[in-house]
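Protein chains: 2
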Amino acid sequence: MSYSYMSHLYCPKCSKTYSADEENHLCTCGSPLLVDYKLEELSKVFSPDNLVKRQPDLWRYHELLPVKEEENKVSLGEGMTPLIKCPSLGTNMDIPNLLMKDEGVIPTGAFKARGAAVGVSKAKELGVKELAMPTNGNAGAAWSLYAARAGMSSTIVMPIDAPSITRNECALSGANLYLVNGLISDAGKIVGKASAEKGLYDVSTLKEPYRIEGKKTMGLEIAEQLNWEFPDVILYPTGGGVGLIGIYKALKELQQLGWVSPEQKLPRLVAVQSEGCAPIVEAWKEGKHESAFWENSETIAFGINVPKAIGDFLVLDALYETDGCAVAVNDDDLLKEQKWIAELEGSFVCPEGAAAFLAARQLRQEGWIQANEQVVVLNTGAGIKYPDTVDIEVPTLEPGDSL
Amino acid sequence: MSYSYMSHLYCPKCSKTYSADEENHLCTCGSPLLVDYKLEELSKVFSPDNLVKRQPDLWRYHELLPVKEEENKVSLGEGMTPLIKCPSLGTNMDIPNLLMKDEGVIPTGAFKARGAAVGVSKAKELGVKELAMPTNGNAGAAWSLYAARAGMSSTIVMPIDAPSITRNECALSGANLYLVNGLISDAGKIVGKASAEKGLYDVSTLKEPYRIEGKKTMGLEIAEQLNWEFPDVILYPTGGGVGLIGIYKALKELQQLGWVSPEQKLPRLVAVQSEGCAPIVEAWKEGKHESAFWENSETIAFGINVPKAIGDFLVLDALYETDGCAVAVNDDDLLKEQKWIAELEGSFVCPEGAAAFLAARQLRQEGWIQANEQVVVLNTGAGIKYPDTVDIEVPTLEPGDSL
Chain G
0 MSYSYMSHLY
10 CPKCSKTYSA
20 DEENHLCTCG
30 SPLLVDYKLE
40 ELSKVFSPDN
50 LVKRQPDLWR
60 YHELLPVKEE
70 ENKVSLGEGM
80 TPLIKCPSLG
90 TNMDIPNLLM
100 KDEGVIPTGA
110 FKARGAAVGV
120 SKAKELGVKE
130 LAMPTNGNAG
140 AAWSLYAARA
150 GMSSTIVMPI
160 DAPSITRNEC
170 ALSGANLYLV
180 NGLISDAGKI
190 VGKASAEKGL
200 YDVSTLKEPY
210 RIEGKKTMGL
220 EIAEQLNWEF
230 PDVILYPTGG
240 GVGLIGIYKA
250 LKELQQLGWV
260 SPEQKLPRLV
270 AVQSEGCAPI
280 VEAWKEGKHE
290 SAFWENSETI
300 AFGINVPKAI
310 GDFLVLDALY
320 ETDGCAVAVN
330 DDDLLKEQKW
340 IAELEGSFVC
350 PEGAAAFLAA
360 RQLRQEGWIQ
370 ANEQVVVLNT
380 GAGIKYPDTV
390 DIEVPTLEPG
400 DSL
Chain C
0 MSYSYMSHLY
10 CPKCSKTYSA
20 DEENHLCTCG
30 SPLLVDYKLE
40 ELSKVFSPDN
50 LVKRQPDLWR
60 YHELLPVKEE
70 ENKVSLGEGM
80 TPLIKCPSLG
90 TNMDIPNLLM
100 KDEGVIPTGA
110 FKARGAAVGV
120 SKAKELGVKE
130 LAMPTNGNAG
140 AAWSLYAARA
150 GMSSTIVMPI
160 DAPSITRNEC
170 ALSGANLYLV
180 NGLISDAGKI
190 VGKASAEKGL
200 YDVSTLKEPY
210 RIEGKKTMGL
220 EIAEQLNWEF
230 PDVILYPTGG
240 GVGLIGIYKA
250 LKELQQLGWV
260 SPEQKLPRLV
270 AVQSEGCAPI
280 VEAWKEGKHE
290 SAFWENSETI
300 AFGINVPKAI
310 GDFLVLDALY
320 ETDGCAVAVN
330 DDDLLKEQKW
340 IAELEGSFVC
350 PEGAAAFLAA
360 RQLRQEGWIQ
370 ANEQVVVLNT
380 GAGIKYPDTV
390 DIEVPTLEPG
400 DSL
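As you go down the protein sequences, you meet chains G and C in turn.
For the first sequence, numbering that gives the first Met the number 0 gives the first residue as 0, with consecutive numbering after it.
For the second sequence, numbering that gives the first Met the number 0 gives the first residue as 0, with consecutive numbering after it.
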């Protein structure tokens, strides 16, 4: 058996194909590229039994990843994050079968580690020496740390308002770090120019095709953790949307491999955004296949502050094809939801994760989610990366005082 | 098979025994209590093969844990943290076979989650409704969150200088949180008084016997991840020392179960402290079996700022019985080590973890560690919980600027 069953890259818009053995970014038509695998060949030699004795990390699915030689794997042990029951919160929102996929329990404390692990590994395999990216924080932190582990240098540009902890992570890794007085789109322009001029490997969201393969493993894990049964609904906080595109791709690949029964309906995928930045929600409401740039976007859930995602059409397609939907939530309410999750389930989720839980609550109230359905919410990172979202006053005692 | 093979509690100082079915804290002689298991009975029905299909969390070892009924398990998916190779850092410090057990990859971002998960579960089983503890931060965060998940209330007292993120975690969980203008020892006195007066369940370090059982699973996992072979050396940043006592207990239990070959020498255990708070190191140098209170203790590695550990004699015994040692490191140097670990291995470790890596470097320089030895360093938490340890200056660009 080969380590990877990747065959080639293809364009989901114009169907043009590209080799996976050389550097490729966007299609000549401007679309992101996706990875194709020899699934029919793989289905004959690969079954869930093969996984039983493998390590609990995302490399257990290496046949479905684009890295051809194991020696190029750059790993900090990422993946197989907990899928935990949320019975108290579930009762509170009348979704008894509510589950959280907790992506805070991963190196760097955010799901971005998945894309970085696979993306950096593939970059290493392709001989890349220096990568560059714009980021809202967590992706830059993950990519610069994994690049450091691979012995690669990195150039990271992030908005000055990005969470300060992610700055520290990038700086500590030895990355060339810059702040920009603007949004991630401004950072993107600076990186694009520098990449063209200096020959840096541009790993902006979906401008390299392998990050999505790392994110895809969230979908593979959810299916494996549910014993190869799909849940009814998966909610995902959506900025660039790579995770949602990846989860959708994973579920389809599992169907093609025959690992889930053909009668099983795909889960309804839900893209969750903030009212302050909801381009996908707006497009979905209007039945469109592309989103419009969201002016003056603003939300406390910084990771989903993406005014126009390059893969918006792939996100929207996944929603339409799974009978899913897109929901915008209110920033104040998501902070209340974050507090309830901690009080009822003992988990300090990130604001983006709280947004997705709040969306589940709203969709249940509207009847879009039924009480008997199994619902998986993605918490994309640890709340400890966003300490400023918690506003507290604590009494101070002197030694010898009594309570 | 029973879910747990616990038999009773016993005092390691005076050998008195206690029931594990009722609340017990310290022995009447003042010593912490330890849990004993029916290992001979268990060894007849339990082998590593039993583990293969179990979830990758610490409950895979439930026979060796004190929770009798699975329904009392309070879990966020903690455990089976990565054991990752550190080849670049290893080359740098001439320990080619250097490994990190990364306890940052766990709910709450610190190894305290293990003690909290098992301790809170057992408290639930014993019918506890309200617990109380003093903390240097991370333990309080973990216990208050797990208590919330169990539907239990908690009272937490922490020094005003404890990492501010851990304050947020406690507050968010709904704990009754207090700061004290002093050290953890001052917090301890306040909690002790309140527990006595109000009948709270005091879960101070080693004042309840089950936290150590949770921490023990680090030792079980290291052995399993190395395919039931012991490494030569394990380094552990030591404050209260519960993790080190637990790892030692785990290794002995594995020997008694016959899961490691009887010829295998126990790993040499190393207690790592800061020069600003090194009571165990001082005691070890003098060959003593108890430590003296360290006056005016101070270190940037806040989690190991414990001037006098109640289980000091157990830590020292573990060092003597494994031919281990105790090492103090310098705060400035450990911050340099933290930076190297990020640059060379892509991991942002906590200051306590950096201290343990620095100790490995020093022990190699002194020849106490040999170049051919397999060395496991415990990183007890994620660096992102301590953003203030990273001091950075970053250039700021305007939109449209070039790099």
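Virtual Cβ for every residue (Gly too), placed ideally from N, Cα, C.
- Any Cβ of chain C closer than 8 Å to the Cβ of ALA122(G) would place that residue at the interface, and such an atom is absent.
- Residue-level contact check: VAL271(G) does not touch chain C, since none of the beta carbons of chain C fall below 8 Å from its beta carbon.
- Here the alpha carbons of LYS52(G) and ASN49(C) stand approximately 12 Å from one another.
- Taking the C-beta atoms as reference points, GLY103(C) is found no nearer than 8 Å to VAL269(C).
- Closest in C-alpha terms to VAL280(C), from the list SER260(C), LYS248(C), GLY245(C) and GLY323(C), comes GLY323(C).
- In the three-state DSSP reduction, CYS169(C) falls in the helix class (H, G or I).
- Contact between GLY78(G) and LEU57(G) holds, with the beta-carbon distance rounding to 3 Å and staying under 8 Å.
- Within the segment 63-80 of chain C, VAL73, SER74, LEU75, GLY76, GLU77, MET79 and THR80 place their CB atoms closer than 9 Å to a CB of chain G, listed in sequence order.
- Cβ atoms of SER3(G) and VAL73(G) stay farther apart than 8 Å, at about 15 Å.
- Look at the beta carbons and you see the segment 140-155 of chain G touching the segment 108-121 of chain G: at least three pairs across the two are nearer than 8 Å.
- The beta carbon of ILE383(G) sits closer than 8 Å to some beta carbon of chain C.
- In this structure GLN369(C) is exposed. Its beta-carbon is surrounded by fewer than 16 other beta-carbon atoms within 10 angstroms.
- HIS288(C) sits in coil when the DSSP states are folded into three classes, being neither helix nor strand.
- Counting C-beta atoms within 10 angstroms of its own C-beta, SER120(C) has 16 or more neighbours from the protein chains shown and is therefore classed as buried.
- Under the three-state reduction of DSSP, LYS206(C) is assigned to coil, being neither helix nor strand.
- Around the CB of CYS169(G), 16 or more other CB atoms lie within 10 Å, so the residue is classed as buried.
- Taking 8 Å as the cut-off, the Cβ atoms of ALA19(C) and MET0(C) do not count as close.
- For THR395(G), the nearest CB of chain C lies under 8 Å from its own CB, placing it at the interface with that chain.
- Judged by DSSP in its simplified three-state form, GLY114(G) adopts helix.
- Counting only runs of 3 or more residues that sit fully inside the segment 213-285 of chain G, the beta strand (DSSP E) segments are 232-236 and 267-273, in chain order.
- At a cut-off of 8 Å between beta carbons, ILE183(C) makes no contact with chain G.
- Its chain contains TYR235, THR237, LEU268, ALA270, VAL314 and ALA317 as the residues whose beta carbon lies nearer than 7 Å to that of LEU243(G), once the 5 sequence neighbours on both sides are disregarded; these appear in chain order.
- Just so you know, the alpha carbons of PRO133(G) and ALA131(C) end up roughly 45 Å apart.
- Around the beta carbon of GLY366(G), fewer than 16 other beta carbons lie within 10 angstroms, which makes this residue exposed.
- The bridge partners DSSP lists for TYR200(C) are LEU130(C).
- Secondary structure note for SER152(C): its beta strand (DSSP E) is the uninterrupted segment 152-158.
- Secondary-structure assignment with DSSP links HIS7(C) through a beta bridge to ASP35(C).
- Within 7 Å of the CB of ASP400(G), the CB atoms of chain C belong to ILE189, in sequence order along the chain.
- When secondary structure is reduced to three states using DSSP, LYS84(G) falls in the strand class.
- LEU178(C) carries a strand assignment under DSSP once its states are collapsed to helix, strand and coil.
- For ASP101(G), the secondary structure class from DSSP, reduced to helix, strand or coil, is strand.
- In this structure, the CA atom of SER172(G) is about 48 Å from the CA atom of VAL44(C).
- For the segment 331-345 of chain G, the beta-carbon criterion of a distance under 8 Å to any beta-carbon of chain C is satisfied by GLN337, LYS338, ALA341, GLU342, LEU343, GLU344 and GLY345.
- CA-to-CA, the gap between PRO31(G) and GLU212(G) works out to about 13 Å.
- One thing to note: PRO350(G) has its Cβ within 8 Å of the Cβ of ALA300(G).
- For LEU334(G), the enclosing alpha helix (DSSP H) stretches over residues 330-344.
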